[in-house]
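Per my numbering, the very first residue in the sequence shown carries number 34; after that it's consecutive.
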Amino acid sequence: MLNSPPKKSGYVCVPYQHDKFSIDVKDMWISSRNVKSIYFVTATFSDECKPYFPFSTNHYLLAKFDDEEKLVKDAAKFTNSKPTFIFTVDNELFERDFDKEQSFISTYYLEYSDSDAKADVAKIIVKKDKIRQAGFAHLNLLCSEKPKFVFPHTEKIVVIEVSDDRSPQSINQYCEKARQNISRKGVVMNNFVSLSLLEKLK
């Protein structure tokens with residue numbers, strides 16, 4: 034008997050527009066056993082990424098899922114004219130058990146991702162005690178309108194979750210210091226999108 038491939042967990046961000054589409058997606062995920070949690074978030078895209086995603090917005094529904102395969106079976110139900118981002122974790126670095134909820138998710142892309150670069154990233158991230166979870170991921174983009182430019186770094190994404198009571202600006206600075214420390218190692222890790230978790234819906 035063939036072993037089935039292991040489940041791949043991750044995050045999906047769907048534009049939230051206070052319309053029927055957004056409400057239907059939220060209700061679908063609230064009732065889904067594949068979705069562990071849902072948040073209402075604000076997103077800040079880096080200037081380098083904005084040309085690739087001109088139709089991106091500021092407000093998203095963020096869901097954490099257990100199984101990418103199950104999630105994408107319903108992809109048509111959460112695809113519209115604005116990009117939906119699916120970050121699937123290929124290699125989880127660590128997960129810490131904190132009492133408080135995560136409050137911020139920061140994503141990055143690597144210019145290159147050989148084993149030495151990944152090792153340098155992992156060594157620095159694991160020292161940051163407010164990081165709840167971290168991993169290397171790939172990005173899938175769902176959109177009914179084909180983007181003008183193709184984002185070239187979809188296979189080299191870094192995702193970190195932060196649990197911190199401070200303001201989003203302070204947490205962003207905390208993450209930026211980690212990114213700068215990684216850059217000093219000669220690893221080019223650029224900001225992609227930062228997500229500030231405003232309200233837990235599930």
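Note that beta-carbon positions come from the ideal geometry of N, C-alpha and C, so glycine has one too.
Alpha-carbon spacing of residue i relative to residue j, whole angstroms
i      : j      : result
Asn224 : Val191 : 9 Å
Lys161 : Asp149 : 19 Å
Lys163 : Gln135 : 9 Å
Ser114 : Gln50  : 12 Å
Ala247 : Tyr85  : No information on residue 247 is available, as it lies outside the stretch 34 to 235 that the chain covers here.
Asp52  : Val58  : 10 Å
Phe184 : Gln213 : 23 Å
Lys156 : Ala167 : 12 Å
Met34  : Asn205 : Its pLDDT being 48, under 50, Met34 is placed unreliably in this model, and the coordinates cannot settle the point.
Contact belief for residue i with residue j at Cβ below 8 Å, rounded distance in angstroms
i     : j      : result
Cys46 : Thr117 : 7 Å
Ser42 : Val122 : 6 Å
Contact check, residue i vs residue j, beta carbons under 8 Å
i      : j      : result
Leu95  : Tyr44  : yes
Ser70  : Lys218 : no
Ile56  : Lys235 : no
Val74  : Ser196 : no
Ser139 : Cys82  : no
Ile158 : Ile119 : no
Test: residue i CB closer than 8 Å to a CB of chain C
i      : result
Val221 : No chain C appears in this structure, which consists of one protein chain only.
Bridge partners - residue i, DSSP secondary structure assignment
i      : result
Cys46  : Leu95, Phe118
Lys233 : Tyr72
Val195 : Phe137, Ile164
Ser227 : Thr77, Ser139
Contact test: residue i Cβ vs the ligand ADP heavy atom, cutoff 7 Å
i      : result
Asn224 : Of ligands this structure carries none, so the ligand ADP is not represented either.
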